[in-house]
Amino acid sequence: MSQPSQASDPNKPQPNQPQQRSRAERITFGIASLLLATVVGLVGYTWLDEQQQQPPLLSVLNTEPIRAAKGQFYVPITVTNSGGDTAESVHVLAELRIGGTIVETGTLEIDFLSSKEEAEGAFIFSRDPRQGQLSLRVASYKLP
Numbered sequence: 001m002s003q004p005s006q007a008s009d010p011n012k013p014q015p016n017q018p019q020q021r022s023r024a025e026r027i028t029f030g031i032a033s034l035l036l037a038t039v040v041g042l043v044g045y046t047w048l049d050e051q052q053q054q055p056p057l058l059s060v061l062n063t064e065p066i067r068a069a070k071g072q073f074y075v076p077i078t079v080t081n082s083g084g085d086t087a088e089s090v091h092v093l094a095e096l097r098i099g100g101t102i103v104e105t106g107t108l109e110i111d112f113l114s115s116k117e118e119a120e121g122a123f124i125f126s127r128d129p130r131q132g133q134l135s136l137r138v139a140s141y142k143l144p
């Protein structure tokens, strides 16, 4: 009896030869690799960008003239965050001194102030702030 010849079948992969990938497989692999590299790059960029963020830098200014209406005096203000991070619960204080004594105080809270954002508000006094010394300052904030 003769043994069947073990001639190699050209369609059957040989154990020691690498398989050839089809064109569709190579294109799919290339697209998947590109997407993975993009995601990894964006995550890395976001992480580095967060490392370079600076804390909030808050300032308050009286931006418009004081106006009087019905026995009350309105002091318009603008609060600016010129820092990098967002600030929450920004507390602004106003003190009115007349003759060296604090005669009135006011507080204002701004819920949310992102980087490079401004918020406007007003303090209301029963005495004329133009007759004394008005001090405005940011007292506190918290990070989100």
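Residue 54 in the UniProt record's numbering sits at position 54 of the sequence shown, with consecutive numbering throughout. Every residue, glycine too, gets a C-beta built ideally from N, C-alpha and C.
Whole-number beta carbon distance between residue j and residue i, since they are thought to touch under 8 Å
| i | j | result |
| --- | --- | --- |
| residue 79 | residue 113 | 7 Å |
| residue 132 | residue 110 | No, residue 132 and residue 110 are not in contact; Cβ-Cβ is about 25 Å, not under 8 Å. |
| residue 134 | residue 96 | 5 Å |
| residue 149 | residue 94 | As displayed, the chain neither begins before 1 nor continues past 144, which places residue 149 out of reach and without an answer. |
| residue 92 | residue 107 | 7 Å |
| residue 118 | residue 77 | Contact doesn't hold; Cβ gap of about 10 Å is too wide. |
Best match in the options for proximity to residue i [C-alpha to C-alpha]
| i | options | result |
| --- | --- | --- |
| residue 116 | 138, 82, 73 | 82 |
| residue 73 | 139, 143, 126 | 126 |
| residue 66 | 45, 89, 128 | 128 |
| residue 54 | 84, 31, 70 | 84 |
| residue 68 | 130, 19, 144, 142 | 130 |
| residue 149 | 32, 144, 105 | Within the shown structure, residues of the chain are numbered from 1 to 144, placing residue 149 beyond reach of any answer. |
Coil, strand or helix - residue i by DSSP
| i | result |
| --- | --- |
| residue 54 | coil |
| residue 30 | helix |
| residue 143 | coil |
| residue 132 | coil |
| residue 23 | helix |
Near the ligand COA: residue i beta-carbon under 7 Å from a heavy atom
| i | result |
| --- | --- |
| residue 61 | The model on display carries no ligand, and the ligand COA is accordingly not part of it. |
**Report entry** the segment 33-44 touching the segment 57-64, judged by at least three CB pairs closer than 8 Å
**Finding:** The answer is no - the segment 57-64 does not touch the segment 33-44, with fewer than three Cβ pairs under 8 Å.
Query raised in the report: Residue ranges of each beta strand (DSSP E) run of no fewer than 3 residues wholly in the segment 57-118, ordered along the chain?
Result: 58-62, 67-69, 72-81, 87-98, 101-113
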